[in-house]
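Undergrad: If you scroll down you'll find the structure; I have some questions about it.
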Amino acid sequence: MGFLVGGNPWVLVFGVLGNVISLMVLLAPVPTFYRICKKKSTQGFHSTPYLVTLFSATLWIYYALLDAHANLVITINSLTCVIQAVYIGLYLSYASKEARMVTLRWLLLLNVGAFSLVFLLTFFLIQGVVERVKVMGWICMVFTISVFAAPLSIMRQVIRTKSVEFMPFPLSFFLTLSAVAWFFYGFFLRDYFVALPNILGFLFGIIQIGLYVIYRRNTIATTRTGGLSLPDLSSSLLFLLFLTFIGNFQESSGSRTGWGSVVLAEIVALVAASTVHRVCITTCFLFSIGLLYEVNKLSGMMLSKTEAKAKRL
0 MGFLVGGNPW VLVFGVLGNV ISLMVLLAPV PTFYRICKKK STQGFHSTPY LVTLFSATLW
60 IYYALLDAHA NLVITINSLT CVIQAVYIGL YLSYASKEAR MVTLRWLLLL NVGAFSLVFL
120 LTFFLIQGVV ERVKVMGWIC MVFTISVFAA PLSIMRQVIR TKSVEFMPFP LSFFLTLSAV
180 AWFFYGFFLR DYFVALPNIL GFLFGIIQIG LYVIYRRNTI ATTRTGGLSL PDLSSSLLFL
240 LFLTFIGNFQ ESSGSRTGWG SVVLAEIVAL VAASTVHRVC ITTCFLFSIG LLYEVNKLSG
300 MMLSKTEAKA KRL
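Numbering (numbering that gives the first Met the number 0), first residue to last: 0 to 312.
Below is the structure:
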């Protein structure tokens, strides 16, 4: 099977986690576009992030189509193309004439012209699928690193203004979790073109979270959704991700995951929640219990199916 390369189930685990967390990152601009539609104006927002994300997604889809094992890279980047196309369409609908022309110009230049050039050069000048995979891997890796470096300007603004108003915690947190998930996906898949850029993504994410911890008290505005803070959910996902990592490490060393691992993962998640607000600690703990129950139930079902198959053999 394409998903379980070399019989390693952790490729599927971290690939699915990467897809889910990346989807949350992709949906982060929804409130922004809700305001744009409501006010029928782009309010000074720029289309550049959505054009760049669309270009990056098309590059990764081309790479994954060449590399037969990177199926889960295709799923999330295909979804990315659809979502970014919707964002760009909404932006063009409400942008001023000047902003609309600039956006269309860059859309044609970057997502049509540049991608077509990359495709033609790699398809006709590079002989053999293996060589094409290597060349496209380097192109995707370099471009992804440049995208990860983009928040440097925002971090500089946070340090200068001593305010995290323009660097929301949920987005920084989900980007960090996404980098961790995709790193381990690439690591277990032995695809270092996927894994290596996410090391930089993780480091920048940790720096952003650190800046948030330092300057959060200077920011009056807080991010709330439906009465629940998004970091409550983020910290619970950190619990699940860290527990998965510990379980994989223990399994590779020949031991089983016990309650000690659960407690350690929970402590890490609660510490992360405490950097936002004390209320997040309680909510994170409750969400983590629910996640642990569902994971335990799912593990029991998989174990019973495995034992049933073994008995039939």
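Even glycine gets a Cβ: it sits at the ideal position worked out from N, Cα and C.
Distance check for isoleucine 73 and leucine 22, CA to CA, integer angstroms please.
TA: Within the sequence shown, the letter at position 23 stands for residue 22. Within the sequence shown, the letter at position 74 stands for residue 73. If you take the alpha carbons of leucine 22 and isoleucine 73, they lie about 13 Å apart.
Undergrad: Report the three-state DSSP secondary structure of leucine 176 (helix, strand or coil).
TA: Residue 176 sits at position 177 when you count from the first residue of the sequence shown. DSSP places leucine 176 in helix when its eight states are reduced to three.
Undergrad: Would you say glycine 43 and tryptophan 181 are within 8 Å of each other, going by their C-beta atoms?
TA: Translated into the one-based positions of the sequence shown, residue 43 becomes position 44. Translated into the one-based positions of the sequence shown, residue 181 becomes position 182. Taking 8 Å as the Cβ cut-off, glycine 43 and tryptophan 181 do not qualify as a contacting pair.
Undergrad: Do phenylalanine 118 and phenylalanine 54 come within 8 Å of each other at the CB atom, strictly closer than that value?
TA: Here residue 54 refers to the residue found at position 55 when the sequence shown is read from its first residue. Here residue 118 refers to the residue found at position 119 when the sequence shown is read from its first residue. Against a cut-off of 8 Å, the Cβ pair of phenylalanine 118 and phenylalanine 54 comes out as no contact.
Undergrad: Using the C-alpha atoms, what's the distance from valine 81 back to leucine 116?
TA: In the sequence shown, residue 116 corresponds to position 117, counting from 1. In the sequence shown, residue 81 corresponds to position 82, counting from 1. So the two alpha carbons sit approximately 22 Å from each other.
Undergrad: Does the Cβ-Cβ distance between leucine 195 and isoleucine 138 come in under 8 Å?
TA: Along the sequence shown, read from residue 1 onward, the residue named residue 195 stands at position 196. Along the sequence shown, read from residue 1 onward, the residue named residue 138 stands at position 139. No, the pair does not count as a contact, with Cβ atoms beyond the cut-off.
Undergrad: Ordered along the chain, which non-local residues of its own chain (more than five positions away) have a Cβ less than 7 Å from that of phenylalanine 187?
TA: Mapped onto the sequence shown, residue 187 falls at position 188. These residues qualify, in order along the chain: Asn7, Trp9, Val10, Phe13.
Undergrad: Assuming leucine 20 contacts tyrosine 49 under a Cβ cut-off of 8 Å, what Cβ separation, rounded to an integer in Å, is found between them?
TA: Taking the sequence shown and counting its residues from 1, the one referred to as residue 20 is at position 21. Taking the sequence shown and counting its residues from 1, the one referred to as residue 49 is at position 50. Sequence inspection shows isoleucine at residue 20; the leucine mentioned does not correspond to that position. At roughly 19 Å, the Cβ-Cβ gap does not stay under 8 Å, so isoleucine 20 and tyrosine 49 are not in contact.
Undergrad: How about alanine 84 and threonine 41: do their beta carbons lie closer than 8 Å?
TA: The count along the sequence shown starts at 1 and reaches residue 84 at position 85. The count along the sequence shown starts at 1 and reaches residue 41 at position 42. The answer is no: Cβ separation not under 8 Å.
Undergrad: Just the Cα atoms here: how many angstroms apart are threonine 143 and tyrosine 292?
TA: In the sequence shown, the residue the question calls residue 143 occupies position 144. In the sequence shown, the residue the question calls residue 292 occupies position 293. If you take the alpha carbons of threonine 143 and tyrosine 292, they lie about 36 Å apart.
Undergrad: Determine the direct distance from the alpha carbon of leucine 124 to that of leucine 109, and round the result to whole angstroms.
TA: Here the question's residue 109 lines up with position 110 in the sequence shown. Here the question's residue 124 lines up with position 125 in the sequence shown. In a straight line, the C-alpha of leucine 109 is about 21 Å away from that of leucine 124.
Undergrad: According to DSSP, is serine 46 part of a helix, a strand, or is it coil?
TA: If you number the sequence shown from 1, residue 46 lands on position 47. Looking at serine 46 - three-state DSSP - the assignment turns out to be coil, as it is neither helix nor strand.
Undergrad: In terms of residues, what are the limits of the alpha helix (DSSP H) holding proline 196?
TA: Indexing the sequence shown from 1 puts residue 196 at position 197. Start and end: 191 to 214.
Undergrad: Tell whether a beta-carbon distance below 8 Å holds between leucine 120 and threonine 79.
TA: Position 121 of the sequence shown, counted from the first residue, corresponds to residue 120. Position 80 of the sequence shown, counted from the first residue, corresponds to residue 79. The answer is no: Cβ separation not under 8 Å.
Undergrad: Under the three-state reduction of DSSP, which class applies to proline 28: helix, strand or coil?
TA: The sequence position of residue 28 within the sequence shown is 29, counting from 1. Residue state, collapsed to three classes: coil.
Undergrad: Taking the alpha-carbon of valine 128 as reference, which of Leu89, Ala63, Val29, Ile213 has the nearest alpha-carbon?
TA: Stepping through the sequence shown from its first residue, residue 128 is reached at position 129. Considering only alpha carbons, the answer is Ala63.
Undergrad: On the criterion of 16 or more Cβ atoms from any shown chain inside 10 Å, does glycine 204 qualify as buried, or is it exposed?
TA: Here the question's residue 204 lines up with position 205 in the sequence shown. Answer is buried; the Cβ neighbour count reaches 16.
Undergrad: Can you name, in chain order, every residue of its own chain whose Cβ lies under 7 Å from the Cβ of phenylalanine 32, other than the five neighbours on each side?
TA: Counting from 1 along the sequence shown, the entry for residue 32 is found at position 33. Answer for phenylalanine 32: Tyr86, Leu89, listed in chain order.
Undergrad: Suppose only complete runs of 4+ residues qualify. What are the alpha helix (DSSP H) ranges in the region 46 to 94, listed by chain order?
TA: DSSP runs (the alpha helix (DSSP H)) wholly in the region 46 to 94: 47 to 65, 70 to 93.
Undergrad: Got a sec? Which residues, its chain only, sit under 7 Å from threonine 52 by beta carbon, not counting five neighbours each side?
TA: Residue numbering aside, residue 52 sits at position 53 when the sequence shown is read from its first letter. Thr79, Gln83, listed in sequence order.
Undergrad: CB-CB under 8 Å to alanine 69, same chain, minus the five flanking residues each way: which ones, in chain order?
TA: Taking the sequence shown and counting its residues from 1, the one referred to as residue 69 is at position 70. Same-chain partners within the cutoff: Tyr62, Ala63, Leu188, Asp190, Val193.
Undergrad: Are the beta-carbon atoms of glycine 200 and phenylalanine 147 separated by less than 8 Å?
TA: Here residue 200 is taken as the residue at index 201 of the sequence shown, counted from 1. Here residue 147 is taken as the residue at index 148 of the sequence shown, counted from 1. Yes, these two residues count as a Cβ contact at 8 Å.
Undergrad: Between phenylalanine 327 and leucine 174, what straight-line distance do the alpha-carbon atoms span, to the nearest angstrom?
TA: Lying before the first or after the last residue shown, residue 327 is absent from the chain, which here runs from 0 to 312.
Undergrad: Assign proline 167 to one of three DSSP states: helix, strand, or coil.
TA: The count along the sequence shown starts at 1 and reaches residue 167 at position 168. In the structure shown, proline 167 sits in coil (DSSP, three-state: anything other than H, G, I, E or B).
Undergrad: Give every residue of the same chain whose Cβ lies closer than 7 Å to the Cβ of proline 28, excluding the five residues on either side of it in the sequence, and list them in chain order.
TA: Here residue 28 corresponds to residue number 29 of the sequence shown, with the count starting at 1. Closer than 7 Å at Cβ, skipping near neighbours: Tyr86.
Undergrad: For the candidate residues Met154, Arg159, Ser287, Lys96, whose alpha-carbon lies nearest to that of isoleucine 206?
TA: On the sequence shown, residue 206 is found 207 positions in, with the first residue counted as 1. With distances taken between Cα atoms, isoleucine 206 lies closest to Met154.
Undergrad: Short of 8 Å in beta carbon distance, which residues of its chain neighbour valine 15, apart from the five on each side in sequence? Order them along the chain.
TA: Residue mapping note: residue 15 aligns to position 16 of the sequence shown, counting from 1. Leu71.
Undergrad: Under a three-way DSSP split, which group does lysine 156 fall into?
TA: Counting from 1 along the sequence shown, the entry for residue 156 is found at position 157. According to the sequence as given, residue 156 is glutamine; it is not lysine. Glutamine 156: helix per DSSP, three-state reduction.
Undergrad: For valine 132 versus leucine 65, is the C-beta distance shorter than 8 Å?
TA: Along the sequence shown, read from residue 1 onward, the residue named residue 132 stands at position 133. Along the sequence shown, read from residue 1 onward, the residue named residue 65 stands at position 66. Yes; because the gap between Cβ atoms is below 8 Å, this pair is in contact.
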